[in-house]
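Residue numbers (full-length UniProt numbering): 1 to 556. Here is the structure we will look at, set down as structure tokens.
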């Protein structure tokens, strides 16, 4: 029987809206020890009417909730959530579906379904919806465990790593109630016990809030930018990313049959997360230099007490350390100097930014203006003629499959002015050679034991993988009136970039898939496994040479 009148509306209101912030938990770690929780309806009020739990590092602690004893089949049930993906499945017994609803409805109103395919959530946004569960068989099915999860997963080469997993306790609760609540709109059961009745459809409301950051335990190096919620990437939308980060709402029902756990039904629906831009990384050279100096000091200390035959190894190690310990920017300008050193071009090192647009909005006009100062070391001769200017946006993706990236990366590590050197040349290859030399030295001197953390960081840098995609952009150039100083001729060139004209370099611009709009540019971000950054390569084509300037770009 179900309640009538205002009492019934109050109950349905609880089912739909009690599912609010206090059900948005910091992490599934707090619930890993709970395999089955059976409550009376009165207990539910006591359990959930309290302040929302804080999303902080306390959730990284081991669960303190006691777990009831289980038979021999369930010795490892404390990790049932960890092993969810490896459980065997019982097919075609239970049907599930996930629906998303808008966020601003009254408790007693009928939920308004929304199309989640083009919707993008940011930090602090609330994800609401409901799940329908239907027993397709003619018999009752016992239900042991039910979870409604919000997951974040990093994938590269079929290897996946979950960095976020939140559980909605309220949606996941199942208890035997003396009262059957039915939604009069569609006839679904709003209460679900420990048994799924035959030919009955149940409905479970869920609520999650997109966190602005991950827990501190998510990054072993405690790097601020690595703890920010990364954007969805690399799946259905072409964003030029070689790996993927995806978010899902997941509903999993688990039963115990013959002392084994089985998946009754497991369904996921993607959720696209695009967080707002955050603070840029400032000068990560110090961390790299500190690591290299520490390793070199250890090598020097060991070699000082060893035979002189290792001086050759010492020289090689020092040379690789020197390659890593570079400083790209000696001033606050990005510049280039001509071969005869008579022309200097400067781009002042301020931040150049443009906005992220989802693919269906990439038609919105976007432009970028970059001023370039030209200084000619002569007042008697006119400035050389610039035949043309080409601008290329370089899309840089850095990823690690097995290790956490040990430091934040700034633009100074991506390029070396007036060269074609990349992150691979400036960081990865020197780190790999340094690692090989230190390992060689360890074999020669068994007593040599460098700092494990420094070696782990060096190994990670050595095995990072990168992807570079270069896009060409239509550029208009305007020149101001030249100015003569004491011994110099100066002029400012204004570059007007039409970002909507962007296309993959060296490809057929006429093919739609090569043009901006068929691909999108993600916001710049960094995480423990994946980094996306950008810079502009400005090439001045003179009569007998080209001058190249690299300009940091942030997409936000």
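Where is the CB? At the ideal position from N, CA and C, for every residue including glycine.
Which of helix, strand or coil DSSP assigns to residue i
i	result
residue 362	coil
residue 129	strand
residue 407	coil
residue 493	strand
residue 213	strand
residue 543	coil
residue 564	The structure shown does not extend to residue 564, since the chain is modelled only from 1 to 556, so the question has no answer here.
residue 511	coil
residue 171	helix
residue 292	helix
residue 103	coil
residue 524	coil
residue 298	helix
residue 386	coil
residue 140	coil
residue 373	strand
residue 161	strand
residue 500	strand
Close beta carbons around residue i, own chain, < 6 Å, minus the five adjacent residues each side
i	result
residue 342	377
residue 171	148, 204, 206
residue 72	Low local confidence applies: a pLDDT of 28 at residue 72 is under 50, so the model's placement there is unreliable, with the coordinate-based value given in what follows. Counting only Cβ-Cβ distances below 6 Å, and skipping sequence neighbours, we find nothing.
residue 221	406
residue 152	163, 164, 247
residue 223	408
residue 256	144
residue 234	241, 243, 244
Which listed residue (the options) has its alpha carbon closest to that of residue i
i	options	result
residue 301	447, 507, 357, 159	447
residue 372	346, 272, 432	346
residue 355	91, 420, 555, 518	555
residue 350	83, 550, 124	550
residue 557	153, 204, 445, 82	Given that the chain is displayed from residue 1 to residue 556, the structure contains no residue 557 and the question cannot be resolved.
residue 395	209, 190, 537, 164	537
residue 219	468, 548, 526, 191	526
residue 429	413, 442, 541, 194	413
residue 539	89, 389, 182, 112	389
residue 507	528, 531, 469	469
residue 244	545, 548, 530, 366	530
residue 471	501, 261, 260	501
residue 162	144, 84, 363	84
residue 405	548, 465, 522, 513	465
residue 183	201, 197, 194	201
residue 296	288, 276, 460, 317	317
residue 503	234, 95, 392	392
residue 277	532, 128, 541	532
residue 272	122, 144, 196	122
Nonlocal neighbours in the same chain, by C-beta distance under 7 Å from residue i, ignoring five residues either side
i	result
residue 213	227, 228, 229
residue 457	291, 406
residue 114	100, 101, 102
residue 435	458, 459, 462
residue 401	156, 157, 159
Burial state of residue i, where buried means 16 or more other Cβ atoms lie within 10 Å
i	result
residue 479	exposed
residue 385	exposed
residue 543	exposed
residue 185	exposed
residue 437	buried
residue 103	exposed
residue 158	exposed
residue 488	exposed
residue 187	exposed
residue 476	exposed
residue 251	buried
residue 88	exposed
residue 112	exposed
residue 160	exposed
residue 65	Any reading at residue 65 needs caution, since the residue's pLDDT is 27, under 50, leaving its predicted position unreliable; the model's value is listed next. Burial call: exposed.
residue 449	exposed
Residues near residue i in its chain [Cβ-Cβ closer than 8 Å; skip 5 each side]
i	result
residue 294	451, 454
residue 93	135, 136, 137, 141, 264, 265
residue 369	494, 495, 496, 497
residue 352	368, 370, 536, 551, 552, 553, 554
residue 97	131, 132, 267
residue 124	209, 210, 212
residue 357	364, 366, 520
residue 541	386, 387, 388, 389, 390
Chain E contact for residue i (CB, 8 Å cutoff)
i	result
residue 352	This model lacks chain E altogether; it includes just one protein chain.
Inside the segment 421-491 only - beta strand (DSSP E) runs reaching at least 3 residues
465-479
Which full runs of the beta strand (DSSP E) of 3+ residues lie inside the segment 224-276, going along the chain?
244-257, 260-273
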